[in-house]
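Q: Following this message is one structure expressed as structure tokens.
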Amino acid sequence: MARKKKRKLPVFLAVIVLIIVILGVMLKWNSGYTESVSGSTNAYNKFKDVLISGGTVSLSSDDINSLVANSFEAQTHRGVTIKTIYVNMPQDKLDIKIPVAYKGQNFLVSSSGKATLKDGCIAYLPDSFKVGAIPLPKNFVLNKLKAMYNSKFTIEADGIYINKSALPVTVNSVEVKDSNLKIGVEKLKLNLNNSRLSQIKNKLENVVGNLNESDKSKVENIIKYIDNNQSSQNALQDLKSKLGSVSNNEVKKIANEINVVQNNNFQNQNQNQSQNKGTKSVDSALAGRVSSQLAAAAGDVSDGSARAVINSIQSQVDSGSISSGSVMAQYKALNSYQRFQVQAAIFKHVNISDAEELRREYGI
-18 MARKKKRKLP VFLAVIVLII VILGVMLKWN SGYTESVSGS TNAYNKFKDV LISGGTVSLS
42 SDDINSLVAN SFEAQTHRGV TIKTIYVNMP QDKLDIKIPV AYKGQNFLVS SSGKATLKDG
102 CIAYLPDSFK VGAIPLPKNF VLNKLKAMYN SKFTIEADGI YINKSALPVT VNSVEVKDSN
162 LKIGVEKLKL NLNNSRLSQI KNKLENVVGN LNESDKSKVE NIIKYIDNNQ SSQNALQDLK
222 SKLGSVSNNE VKKIANEINV VQNNNFQNQN QNQSQNKGTK SVDSALAGRV SSQLAAAAGD
282 VSDGSARAVI NSIQSQVDSG SISSGSVMAQ YKALNSYQRF QVQAAIFKHV NISDAEELRR
342 EYGI
């Protein structure tokens, strides 16, 4: 019997070695995965066009992958380096492939699931996870992600959630349909302007019942104008002109309040522009990283006023000192379309962490 056991031992070891080799092959399956990405700015342009009027953005796989290629830099978390992210959308599914590196070895992490709007959040609800060709339990992966990204996302038992309120635009629908990610967004609104228009509207509604027929008709039309022009850059100036045709003294007081608001804005801009240069020094490492990136961003913007804002930021970064007031005044003078061009160009060409620092400094 002892001799039979000795003969079986090499066979047992061979089976163990074979299993290890198979697992290794499965883990390393497609570890050199890569996709051809055009690097186009279609995604930015599509968002830009829809934000002006509201509607649905339809993004192809290449749109999303190009957006990632233009803005994502490799990130390392707990020894795992995420190289990039690829998205594919077979019919109504969202497939994600993430090439990673760990201790000098390359692996491919992949997932398939669904993108949707749920409980006021944008949600990714995964059906499966894999490393190479080896399936991983969904709960295991979600718990690991929760430990790594607990401050950025909400991780629940069924998926990953991003609160809509954390986004710069209002999203009202998300779905994958016909191999495209379709995102419904509302028209971009300027909150500061909206607040003032709402105050004026409330005051007009309070006095409209006391007006003669001629003034009442004019004010009712003005209220309708406010409702239809919440995001107009010229709304306050237009209102002042329209209110000037109303003879009632209470309405004239409201028109005078608009004058006061505009005068205060003008004075604030002048104060910002007159701030001394060098109020804050620029980190030399930051300047070295972003100067050429800002130049590329400016070259990617067609609008002259939007380009001038980026040029001003680059000039200050190159000089070694930040005087954010003058740039903020330039930026606030832009309309929503021009502001979006500035934001899109900077976040396209400047790496994410540095772009966030510029956003904090300049209020972009």
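345 is the number that our numbering gives the last residue of the sequence shown; the numbers go up by one with no jumps.
Glycine residues also receive a C-beta, built at the ideal position from the N, C-alpha and C atoms.
Please report the residue range of the beta strand (DSSP E) in which S92 lies.
A: Note, S92: beta strand (DSSP E), 86 to 99.
Q: Once DSSP output is grouped into helix, strand and coil, what is the label at L126?
A: Helix.
Q: Less than 8 Å separating the beta-carbons of N144 and G94?
A: It is not a contact, given that the beta carbons lie outside the stated cut-off.
Q: The alpha helix (DSSP H) spanning D284 covers which residue range?
A: Where D284 is concerned, there is no enclosing alpha helix (DSSP H), given that its DSSP letter is neither H nor E.
Q: Taking C-beta to C-beta, are L123 and I136 nearer than 8 Å?
A: Cβ distance < 8 Å, so L123 and I136 count as in contact.
Q: Just reading off the beta strand (DSSP E) that S39 is part of, what are its end residues?
A: Note, S39: beta strand (DSSP E), 36 to 40.
Q: Between the C-alpha atoms of E231 and L185, what's the straight-line distance to the nearest angstrom?
A: Answer to the nearest angstrom: the Cα atoms are 9 Å apart.
Q: Taking 7 Å as the limit between beta carbons, can you name the residues of its chain near E16, skipping five residues before and five after?
A: Answer for E16: N46, Y67, listed in chain order.
Q: Since S228 and D196 should fall inside the 8 Å C-beta cutoff, what is the C-beta to C-beta distance between them, to a whole number of angstroms?
A: Right, the Cβ-Cβ distance comes to about 6 Å (below 8 Å), so this counts as a contact.
Q: Is it the case that the region 14 to 34 contacts the region 320 to 338, given that we only count it when at least three CB pairs across the two stretches are under 8 Å?
A: Yes, they touch.
Q: Report buried or exposed for D208, applying the criterion of at least 16 other Cβ atoms within 10 angstroms of its Cβ.
A: Under this definition D208 is an exposed residue.
Q: Going by beta-carbon coordinates alone, are A268 and D299 separated by less than 8 Å?
A: Contact flag set, yes.
Q: Applying the 10 Å Cβ sphere with the 16-neighbour rule, what's the burial state of Q56?
A: So Q56 counts as exposed.
Q: For T404, is the classification buried or exposed, using 16 other Cβ atoms within 10 angstroms of its Cβ as the cut-off for buried?
A: In the structure as shown, the chain starts at -18 and stops at 345, and residue 404 therefore has no counterpart that could be examined.
Q: Could you tell me if Y343 is buried or exposed, where buried requires 16 or more neighbouring beta carbons within 10 angstroms of its beta carbon?
A: The residue in question, Y343, is buried, as its Cβ has 16 or more Cβ neighbours within 10 Å.
Q: Below 8 Å on the Cβ atoms is my contact criterion, and I expect Q311 with S293 to pass it. Report the Cβ-Cβ distance as a whole number of Å.
A: The pair is a contact, with the Cβ atoms about 6 Å apart (cut-off 8 Å).
Q: Kindly indicate which three-state DSSP category F134 falls into: helix, strand or coil?
A: Note: F134 maps to coil in three-state DSSP.
Q: Alpha carbons only, please: which of E167, K158, D159 is nearest the one belonging to V347?
A: It is not possible to answer for residue 347, since the shown part of the chain is limited to -18 through 345.
Q: Quick check on Y105: does DSSP put it in helix, strand or coil?
A: Strand at Y105.
Q: Using alpha carbons as the reference points, say which of S265, R270, I327, I235 lies closest to A279.
A: When each option's Cα is compared against that of A279, the closest is I327.
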